[in-house]
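Chains as they are written, first to last, in the UniProt record's numbering: chain R, 1 to 402; chain V, 1 to 402.
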């Protein structure tokens, strides 16, 4: 009996599990995750802003594991020893595999900027997202006592997909914060500091402008073309002039870091030649040095033949990689040839708050309330694709259509 | 205790039920339908073409009825007596109401064209859709014996939304038919006869052309600008010249009627001033003569203030009407004022087969495989909106993403 180990219960790992569990063959699966729940990484901003409770974006891994075929092991991976085909855990235990699917996901990336880890809030999992929300509530209560205007200021560092969606949800929930602080909604000040000037380059100018202009209209102040140089306690230091290196400071009691992510540190710790935690894999998603190992999701970089650059890291691509890695694992078990990974984007839609969204369906632009409907339908569907079928029902996400 | 009666368990009726069951108040609900199941009327073409079994597009009404609040009565409505506030059934029994939501749905409309009822197959409910599929299988088996080429011909009368989606599914399933008949797929001949020349006027020319040109590429022959004058057994008679009235004939053993629908005959039978079974209602969806009665879905015509014409009959609008009628019913029970119905289309997407679709998200055109993904996500969502939550899971419609 062959042992297939899946590391990580995110989009890629659970999609792989779903395919493997649905397939016949003489193999057993062990799924490993440090948490006993799956969460929808694309919805963390809602927990951070308080527009969704954590229960709505997570479900128990136990609910999608079939015990006849799969063992779930809650443990934290330290390193992968590909020579001896063993996973080493931080508690000194270990686990052997015949086939391995590495889907360890992402971490926050500071890009070496001083003070980020110490003085900015990261948003990388349900706990850190919830910490942001609780932090926000605390600042609002504190404002009632001290009237320090910095308590009402929220700075989002980074105007990428995540930063923009987070700003949308913060706008959406501004009223709750204002009520606690005893102020008007407009007094909650939202800022976004970003190094580049052309925001959301995956969308055309018209579409990006739709998203950004709405946020501006709702009161978000964008500081673009301003690389962040340091985060001091309660202060964002950003460069205003590339030639002179002149900087300015923005003070705020809430500073959230969404400028970028890297793959899990486990990759470098396991002697992978990883760049920002991403390993360049073969076209069939296999490890270049070990054909019985597949590397997928945010720890994986696979070349897009069309652009000759790696595909971006998205939930959509992670789901598809998880599917293909599982299929290729099954091919190997049966002694068959593996298949190359192919991907054509279905597009992506960014929500800004509950009733606005914009993005692409395939290559076709959509925006406004209808796009927001489409976004929600697709988000619900992603829950199904990770296998969390019976969990969808409890999420109460189906009642907005009236 | 007030008695609220809902007639019909389609999109509008079940959406109303869902809202009423979720609301507090001193009332009891009786839901009436002639069947003990709900079916997704927008998916009948898949059952007719054999690409989905009936189980996938229908679920038991019992699964969405909360017995503490609602009684389900399986019976066939004969007439509504609004004076005495009673529903008369075809079995001579009757039922009283305080408030009524009429959501009796649609019927096939022959427009008085001779032979339609006798010689064409209608597609108005699960039974009639399944009848088409069984009829098709029978023709294919018969072909093996007699080699009559008319047995391989399928004529869809009408190139509206339903006709086009049906043609897409027939193309999709042509292989199955061909195998039974012992022929090549191309030998199954698909025709579409339509009176107008500008097809799918709800979409712009570019988008309509995408859908129609794909069907043509897949072998569908369109006869447009050809009003059907008569259906004889195995023969469609259509006009080729409006001035001379000259006609031609197309012989085929399968003739499917999708040229249009009307609201239930019960409306006219109940002395409603109905045009093609549709009753012009007030802006709050109430019956102009009886404020305790709401008329919704395909039996209802409500003016769109933007166009000064009635809204079209779609599942989307039926869902929204069901919602508003239930809300207004609750207002009346509480002695409050009713609210006007407002509707802004989220757009509509037509599937042609399993991997192609085209249409509008809001007012924005989408097409191709990504549009097909969006369509499926939205279709799944509509299942939730009628309250058939636990039924969604059994439908197995979530595995296409690979």
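All residues carry an ideal CB built from backbone N, CA and C; glycine is no exception.
Predicted model only: the values in this text are computed from it and were never measured.
- By the C-beta density criterion, residue 182(V) is exposed, having fewer than 16 other C-beta atoms within 10 angstroms.
- Distance from the CA atom of residue 36(R) to the CA atom of residue 58(R), rounded to whole angstroms, is 10 angstroms.
- Between residue 369(R) and chain V, the shortest Cβ-Cβ separation is below 8 angstroms.
- Annotated as distal: residue 311(R) and residue 299(R), with beta-carbon spacing of 8 angstroms or more.
- In terms of Cα proximity to residue 346(R), the closest of 6(R), 190(R), 116(R), 374(R) is 374(R).
- For the segment 332 to 350 of chain R, the beta-carbon criterion of a distance under 9 angstroms to any beta-carbon of chain V is satisfied by 344, 345, 346, 347.
- Beyond the five residues adjoining it in sequence on each side, residue 200(R) comes within less than 8 angstroms, by CB distance, of 159, 160, 161, 164, 207, 208, 211, 212, 350 in the same chain, given in chain order.
- Annotation: residue 27(V) has no Cβ neighbours in chain R at a cutoff of 8 angstroms; minimum Cβ distance is about 20 angstroms.
- Within chain R, the C-beta atoms nearer than 8 angstroms to that of residue 365(V) come from 364, in chain order.
- Along the length of the segment 190 to 237 of chain R, whole beta strand (DSSP E) runs at least 3 residues long occupy 220 to 224, 228 to 232, reported in chain order.
- Contact check for residue 20(R) against residue 4(R) passes: the beta carbons are separated by less than 8 angstroms.
- Straight through space, the alpha carbons of residue 113(V) and residue 367(V) are spaced by roughly 35 angstroms.
- Shown here for residue 255(R): same chain residues with a beta carbon closer than 7 angstroms to its own, the five before and five after excluded, namely 119, 120, 121, 155, 157, 231, 236 in chain order.
- Contacts with chain V at 8 angstroms (Cβ-Cβ) include residue 378(R).
- Taking C-beta separations shorter than 7 angstroms and ignoring five residues to either side along the sequence, the partners of residue 184(V) in its chain run 178, following chain order.
- Contact note: residue 373(R) reaches chain V through 346, using a C-beta cutoff of 7 angstroms and chain order.
- Check the Cα spacing between residue 8(R) and each of 322(R), 233(R), 191(R), 63(R): the tightest is with 322(R).
- Interface with chain R (8 angstroms Cβ-Cβ cutoff): residue 361(V) is included.
- Contact between the segment 247 to 261 of chain V and the segment 279 to 287 of chain V is not established, with fewer than three Cβ pairs separated by less than 8 angstroms.
- The beta-bridge partner set that DSSP reports for residue 263(V) consists of 106(V).
- Bounds of the beta strand (DSSP E) holding residue 155(R) are 153 to 157.
- Only residues of its own chain outside the window of five on either side were considered, and among them 122 have a CB closer than 6 angstroms to the CB of residue 128(V), listed in chain order.
- Around the beta carbon of residue 342(V), fewer than 16 other beta carbons sit within 10 angstroms, so the residue counts as exposed.
- For residue 320(R), no beta strand (DSSP E) run applies; the uninterrupted alpha helix (DSSP H) run containing it begins and ends at 315 to 333, by DSSP.
- With 16 or more other Cβ atoms from the protein chains shown falling within 10 Å of its own Cβ, residue 153(R) counts as buried.
- Straight-line spacing of the CA atoms in residue 308(V) and residue 279(V) works out to 16 angstroms.
- Contact between the segment 130 to 144 of chain V and the segment 242 to 251 of chain V is absent: fewer than 3 CB-CB pairs across the two stretches fall below 8 angstroms.
- Membership of residue 162(R) in the alpha helix (DSSP H) is indicated by the continuous run 161 to 172.
- Per DSSP, the continuous beta strand (DSSP E) segment holding residue 280(R) begins and ends at 278 to 280.
- Between residue 62(V) and residue 362(R), the beta carbon gap of about 40 angstroms keeps them out of contact (Cβ cut-off 8 angstroms).
- Cβ atoms of residue 294(V) and residue 328(V) come within 8 angstroms of each other, at about 6 angstroms.
- Judged by DSSP in its simplified three-state form, residue 140(V) adopts helix.
- Here the segment 70 to 82 of chain V lies against the segment 30 to 45 of chain V, with 3 or more beta-carbon pairs under 8 angstroms apart.
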